[in-house]
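Chemist: If you scroll down you'll find the structure; I have some questions about it.
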Amino acid sequence: NAGVTQTPKFQVLKTGQSMTLQCAQDMNHEYMSWYRQDPGMGLRLIHYSVGAGITDQGEVPNGYNVSRSTTEDFPLRLLSAAPSQTSVYFCASSSPNYGYTFGSGTRLTVV
Amino acid sequence: DQQVKQNSPSLSVQEGRISILNCDYTNSMFDYFLWYKKYPAEGPTFLISISSIKDKNEDGRFTVFLNKSAKHLSLHIVPSQPGDSAVYFCAASVSGAAGNKLTFGGGTRVLVKP
Numbered sequence: 001n002a003g004v005t006q007t008p009k010f011q012v013l014k015t016g017q018s019m020t021l022q023c024a025q026d027m028n029h030e031y032m033s034w035y036r037q038d039p040g041m042g043l044r045l046i047h048y049s050v051g052a053g054i055t056d057q058g059e060v061p062n063g064y065n066v067s068r069s070t071t072e073d074f075p076l077r078l079l080s081a082a083p084s085q086t087s088v089y090f091c092a093s094s095s096p097n098y099g100y101t102f103g104s105g106t107r108l109t110v111v
Numbered sequence: 112d113q114q115v116k117q118n119s120p121s122l123s124v125q126e127g128r129i130s131i132l133n134c135d136y137t138n139s140m141f142d143y144f145l146w147y148k149k150y151p152a153e154g155p156t157f158l159i160s161i162s163s164i165k166d167k168n169e170d171g172r173f174t175v176f177l178n179k180s181a182k183h184l185s186l187h188i189v190p191s192q193p194g195d196s197a198v199y200f201c202a203a204s205v206s207g208a209a210g211n212k213l214t215f216g217g218g219t220r221v222l223v224k225p
């Protein structure tokens with residue numbers, strides 16, 4: 001049982017480049033979300049989804065897009081990377097009334 | 112404005128002693144609270160939770176206390192072990208809210224010395 005899988009684990013981007021962070025879960029969870037972790041800030045919610053075809057914004061959505069075409073996948077897109085998006089990104093999945101299971105993270109550096 | 116705060120960024124404790132981690136929240140709508148543990152290069156893992164209808168929940172060496180009137184919760188680890196060295200995040204949510212959205216504190220780094 002793989003749980004939540006994130007790829008890549010590390011990425012360096014130049015300012016203005018775009019990329020997609022992949023996230024897949026095999027637990028048939030309805031809910032999925034993306035968080036970013038910054039020093040002293042804890043984890044902040046970027047976007048979340050309550051099911052296939054349904055997404056909504058979290059606390060810090062600017063500069064990021066998401067889509068949820070299947071229950072299993074929830075990719076996060078950076079359209080034009082900025083240094084302020086340097087962070088560690090965590091994807092997570094959950095069923096109603098349960099806490100989240102997190103992936104191992106993607107460390108992104110934008111130069 | 113952070114709705115969940117962990118005011119101690121770090122904590123050092125001797126093996127075998129008690130670790131006490133604190134967390135304060137401001138949003139009175141929060142009614143479910145969780146603690147996550149995070150090792151370097153790994154994602155957070157669920158540790159223990161408590162509903163607002165309780166004031167204490169215990170699981171082995173870990174106990175979470177909730178003081179609703181003070182909007183304060185704490186995590187006690189007894190006895191502390193070197194393997195407990197990690198970053199601990201407090202998180203809060205509103206039961207039934209769409210997506211089980213969690214609001215996290217900034218984390219407390221715990222170092223347990225042998």
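These protein sequence lines map, in sequence, to chains A and B. 1 is the number of the first residue of the first sequence in my numbering; add one for each residue after it. 112 is the number of the first residue of the second sequence in my numbering; add one for each residue after it. No residue lacks a Cβ here, since even glycine has one placed at the ideal position from N, Cα and C.
1) Around the Cβ of Leu-13 of chain A, are there at least 16 other Cβ atoms within 10 angstroms (buried) or fewer (exposed)?
2) Helix, strand or coil for Ser-84 of chain A? Go by DSSP, reduced to three states.
3) Is there contact here, the stretch 112 to 124 of chain B with the stretch 204 to 223 of chain B, by at least three beta-carbon pairs under 8 Å?
4) Using a beta-carbon distance cut-off of less than 7 Å, what residues from the stretch 166 to 192 of chain B approach chain A?
5) Give the interface partners of Gly-103 of chain A over in chain B, defined as CB-CB distance under 7 Å, in chain order.
6) Taking DSSP's pairing of strands, which residues face Lys-224 of chain B in a bridge?
7) Within 10 Å of its beta-carbon, does His-47 of chain A have 16 or more other beta-carbons around it, so buried, or fewer, so exposed?
8) Give me the subset of the stretch 66 to 80 of chain A whose CB atoms are less than 8 Å from a CB atom of chain B, sorted by chain position.
9) Using a Cβ-Cβ cut-off of less than 8 Å, give me the residues of the stretch 24 to 56 of chain A that come near chain B, in sequence order.
10) If I measure Cβ to Cβ from Val-110 of chain A and keep anything under 7 Å in the same chain, skipping five residues before and after, which residues do I get?
11) Quick one: residues in its chain with C-beta nearer than 7 Å to the C-beta of Phe-141 of chain B, no 5 flanking neighbours on either side, listed in chain order?
12) For a test of the three-state rule: what should DSSP assign to Gly-210 of chain B, helix, strand or coil?
13) With a cut-off of 8 Å on the beta carbons, I'd call Leu-132 of chain B and Thr-219 of chain B a contact; round off their distance for me.
14) Of the residues that make up the stretch 194 to 206 of chain B, which ones have a beta carbon closer than 9 Å to any beta carbon in chain A?
15) Do you know offhand how far Gly-210 of chain B's Cα is from Leu-145 of chain B's?
16) Of the choices A:Phe-90, A:Gln-37, A:Gln-6 and A:Gly-3, whose alpha-carbon is the least far from that of Gly-217 of chain B?
17) Rounded to the nearest angstrom, how far is the Cβ of Pro-155 of chain B from that of Phe-102 of chain A, given a contact under 8 Å?
18) Please list, in chain order, the chain B residues whose beta carbon lies closer than 9 Å to that of Gly-58 of chain A.
19) Hey, is Ser-163 of chain B's beta-carbon within less than 8 Å of any beta-carbon in chain A?
20) Examine chain B for any beta-carbon lying closer than 8 Å to the beta-carbon of Ser-94 of chain A, and answer yes or no.
Modeler: Let's see:
1) Under the 10 Å beta carbon count, Leu-13 of chain A is surrounded by 16 or more other beta carbons and is classified as buried.
2) Reduced to three states, the DSSP call for Ser-84 of chain A is helix.
3) Between the stretch 112 to 124 of chain B and the stretch 204 to 223 of chain B there are three or more C-beta pairs closer than 8 Å, enough to call the two in contact.
4) Answer set for the stretch 166 to 192 of chain B: empty.
5) Using a Cβ-Cβ cut-off of 7 Å, Gly-103 of chain A is close to Gly-154 of chain B, given in chain order.
6) Per DSSP, B:Gln-125.
7) Buried.
8) Answer in chain order: no residues at all.
9) Those residues of the stretch 24 to 56 of chain A placed with their C-beta closer than 8 Å to a C-beta in chain B are Tyr-31, Ser-33, Tyr-35, Gly-40, Met-41, Gly-42, Leu-43, Arg-44, Leu-45, Tyr-48, Ser-49, Val-50 and Asp-56, ordered along the chain.
10) Same-chain partners within the cutoff: Leu-13, Thr-15, Ala-81, Ala-82, Pro-83, Gln-85 and Thr-86.
11) Residues of the same chain with a CB within less than 7 Å of the CB of Phe-141 of chain B, apart from the 5 flanking positions on each side, are Ala-203, Ser-204 and Val-205 in chain order.
12) Secondary structure at Gly-210 of chain B: helix, using DSSP grouped into helix, strand and coil.
13) That belief holds up - the Cβ atoms of Leu-132 of chain B and Thr-219 of chain B are roughly 5 Å apart, short of 8 Å.
14) Residues are counted here when their Cβ sits less than 9 Å from a Cβ of chain A; for the stretch 194 to 206 of chain B these are Phe-200, Cys-201, Ala-202, Ser-204 and Ser-206, given in chain order.
15) Answer to the nearest angstrom: the Cα atoms are 15 Å apart.
16) Scanning A:Phe-90, A:Gln-37, A:Gln-6 and A:Gly-3 for the CA closest to the CA of Gly-217 of chain B turns up A:Gln-37.
17) About 5 Å; that satisfies the 8 Å criterion.
18) Going along chain B in sequence order, the residues near Gly-58 of chain A (Cβ under 9 Å) are Gly-210 and Lys-212.
19) It does not; no Cβ of chain A falls within 8 Å.
20) Yes, because at least one Cβ of chain B sits closer than 8 Å to the Cβ of Ser-94 of chain A.
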